[in-house]
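Contents: one structure, followed by commentary.
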Amino acid sequence: MKLSLRVKPRAKVEKVEEKDGGLIVFVKAEAKEGKANKAVTKALAEHFGVTPSRVRLISGARSKTKLFEIL
Numbered sequence: 006m007k008l009s010l011r012v013k014p015r016a017k018v019e020k021v022e023e024k025d026g027g028l029i030v031f032v033k034a035e036a037k038e039g040k041a042n043k044a045v046t047k048a049l050a051e052h053f054g055v056t057p058s059r060v061r062l063i064s065g066a067r068s069k070t071k072l073f074e075i076l
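In the working numbering, the protein residues as written are 6 to 76.
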């Protein structure tokens, strides 16, 4: 399953929200050195009940809009 989502780094609370038919992922990590991407991967894995190794970033590594794949 492929997911297009928005990321909000440096949030107070880590959560995954569904809004207007899309996902918004709030993470505490900064958007530096891939830290936010790793946090998003972990948050998506918890949200969908899979291991983080089954969540893959396809595009948008340096953008707030990202495309992830859940295997």
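Virtual Cβ for every residue (Gly too), placed ideally from N, Cα, C. Model, not experiment: these values are computed from the prediction.
Nearest candidate by alpha-carbon position, reference residue i, set the options
i	options	result
A16	T70, R59, A44, A50	A44
L76	A66, R59, K40, G27	R59
K71	G27, V55, H52	G27
K33	T56, F53, K47	K47
E35	L8, S68, P57	S68
T56	E19, E74, A66	E74
Per-residue DSSP class, three states only, for residue i
i	result
E51	helix
V45	helix
K7	strand
S64	strand
K20	strand
K33	coil
Distance between beta carbons of residue j and residue i, contact taken as under 8 Å
i	j	result
V21	L49	7 Å
Rounded separation between residue i and residue j - CA only
i	j	result
S9	I29	9 Å
F53	E19	15 Å
Close-in-space but distant-in-sequence residues of the same chain around residue i (CB under 6 Å, 5 per side omitted)
i	result
M6	I75
Beta-carbon contacts of residue i that lie in its chain and below 7 Å, excluding the five residues immediately before and after
i	result
P14	V32, A34, E35, A36, A41
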